[in-house]
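A.B. asks: Have a look at this one.
Numbering (the UniProt record's numbering), first residue to last: 1 to 93.
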């Protein structure tokens, strides 16, 4: 794998000459308000019923699922069918 230099020379999101001071202040105010709103919603959902439902929905299910047969049961049925097949070949041979 090739070694690449660190991407520290990325350009800023906007050039200094693109925005006036008023526009920069407005941009900062709007961005800060959006951040506060996202934090408020995240905390509200985390504490409420919807947060619990969402956590439960995204939580992985690690237990054995009831609709899937176990490997042991599959192996037992395979052995039963093999023995039955050998018996049929022996009787009708």
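The beta-carbon is built from N, C-alpha and C at its ideal position, and this holds for glycine as well.
Taking DSSP as the reference, what is the three-state secondary structure of residue 59?
C.D. replies: Stepping through the chain shown from its first residue, residue 59 is reached at position 59. If DSSP states are grouped into helix, strand and coil, residue 59 belongs with coil.
A.B. asks: Please state whether DSSP places residue 92 in a helix, a strand or coil.
C.D. replies: Stepping through the chain shown from its first residue, residue 92 is reached at position 92. Looking at residue 92 - three-state DSSP - the assignment turns out to be coil, as it is neither helix nor strand.
A.B. asks: Sorted by chain position, which residues of the same chain lie with C-beta nearer than 6 Å to residue 44's C-beta, five sequence neighbours on each side aside?
C.D. replies: In the chain shown, residue 44 corresponds to position 44, counting from 1. No residues qualify anywhere along the chain.
A.B. asks: For residue 19, report the span of its alpha helix (DSSP H) as first-last.
C.D. replies: The residue given as residue 19 occupies position 19 in the chain shown. Here residue 19 belongs to no alpha helix (DSSP H), and DSSP marks it neither H nor E.
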